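Asks: Whatever position you read off the sequence shown (first residue = 1), add 79 for this note's numbering. Just so you know, even glycine gets a beta-carbon here, dropped at the ideal spot from N, CA and C. Note that the structure is predicted; figures quoted are calculated from it, not measured.
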Amino acid sequence: MKVCQSRQGYRFSIDAAILAFHALPGKAAARILDLGTGCGIMPLIIAFRHPEVCITGVEIQAELAALARKNVEENGLQSRIKIIEGDFLHLKPDDIGPPVDMVVTNPPYHRRHAGRMNPHNQRAVARHEIAVSLDGLIKSIRRFLSTGGHAWLIYPAERLAELIAAMQAHHLEPKYLRMIHSRVDAEAKQCLLRVVKAGRPGLIVGPPLFIYADDGGYTADAAAMLRP
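Structure (C-alpha cells):
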C-alpha cells in the first residue's frame with residue numbers, strides 16, 4: 080500500500096491504524112463511510128484488509144481531498160473507494176447513497192477555543208472543532224447510518240462522559256469501549272468507542288491498549304495494528 084501525505088500540513092497518526100484495525104465490517108459487501116478522511120488512510124487500510132467492502136470518504140479541505148483521490152488512484156482502488164470533497168454537515172443522505180453499514184471517524188479532539196491553535200490551517204482544522212462540533216458530528220453519524228449500523232471513533236478520554244451522553248441523546252448506544260494509554264503506567268489519554276444506531280443498552284469494556292513498551296518501541300498489540 081502506498082500513501083502520500085503532506086510534509087508540512089496534516090499527517091495521519093497511529094489513531095487511524097487503531098480505528099481501522101477494530102472497525103470490522105461485520106458482513107460481506109458492507110458500505111462504509113469515513114467522515115473527515117484526510118489523505119484517505121482509513122479507507123485504504125480497510126479496503127486492503129477487506130476486499131469485499133466499498134468505502135466513501137468525505138473531506139472538507141480541498142488539498143486533502145485531492146491527496147486522498149491521488150492515494151486511491153495510486154493503489155488502484157477507484158472501483159471501491161470514493162472521495163467526496165465537501166462539508167459532511169451539509170451533505171444529504173442522497174449525496175452518499177443508501178444508509179451505510181458502518182461509519183468511522185477520527186474527529187477533532189479539542190474544543191474550538193481550548194488550548195493552543197496550530198498555526199497551520201490543515202492541522203488546526205484536524206485537531207480543533209473549527210469546522211465541526213461534537214454535536215454536529217454525532218448528528219451526521221446518525222443521518223448516514225442504517226438502523227442497527229455501527230460507528231467507531233477515537234476521542235479524548237477526558238471527554239468520554241460528554242461523548243457518551245451526546246451519543247445517547249441521538250439514539251446511538253455505546254456498545255464497546257477501550258481505553259488507550261501511551262504506556263502501562265500512564266493515564267488513558269484517548270478512548271475507542273463503538274456505538275450502534277437504535278441499539279439496546281449493554282456496554283462491553285475491552286482490555287486497555289498500551290501503545291509503547293518499556294524499551295520505547297511499540298507493544299505487540301500496537302505493532303499488530305500497524306501491519307498490512
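#1: Where do the ends of the beta strand (DSSP E) carrying Pro-253 lie?
#2: Just the Cα atoms here: how many angstroms apart are Gly-176 and Arg-159?
#3: Given this structure, state the Cα-to-Cα distance separating Asp-293 from Arg-262, to the nearest angstrom.
#4: Applying the criterion that 16 or more other CB atoms from any shown protein chain within 10 Å of the CB defines a buried residue, is Met-80 buried or exposed?
#5: Can you list, in chain order, the residues of its chain whose CB lies under 7 Å from that of Phe-100, leaving out five sequence neighbours each side?
#6: Helix, strand or coil for Gly-215 per DSSP?
#7: State yes or no: is the C-beta of Arg-306 within less than 9 Å of the C-beta of Gly-285?
#8: Answer yes or no: do Phe-156 and Leu-112 have a C-beta to C-beta separation smaller than 9 Å?
#9: Quick check on His-250: buried or exposed, where buried means 16 or more other Cβ atoms within 10 Å of its Cβ?
#10: Apart from the five residues just before and just after Ile-290, which ones in its own chain have a Cβ nearer than 6 Å to its Cβ?
#11: For Tyr-234, which residues in the same chain have their Cβ closer than 8 Å to its Cβ, ignoring the five residues on either side in sequence?
#12: Quick check: what's the CA-CA separation for Arg-279 versus Ala-145?
Replies: In short:
#1: From DSSP, the beta strand (DSSP E) with Pro-253 extends over 251-260.
#2: Taking the straight line from one Cα to the other gives about 14 Å.
#3: Cα-Cα distance, rounded: 8 Å.
#4: The Cβ neighbour count for Met-80, taken over all protein chains shown within 10 Å, is under 16; the residue is labelled exposed.
#5: Met-304, listed in sequence order.
#6: Helix at Gly-215.
#7: No; because the gap between Cβ atoms is not below 9 Å, this pair is not in contact.
#8: In the sequence under discussion, the amino acid at residue 156 is Leu, which differs from the Phe named in the question. The answer is no: Cβ separation not under 9 Å.
#9: The residue in question, His-250, is exposed, as its Cβ has fewer than 16 Cβ neighbours within 10 Å.
#10: Answer for Ile-290: Ser-261, Ala-301, listed in chain order.
#11: Answer for Tyr-234: Pro-186, Tyr-188, Leu-242, Gln-269, Cys-270, Leu-272, listed in chain order.
#12: Near 39 Å, if we compare the C-alpha coordinates of Ala-145 and Arg-279.
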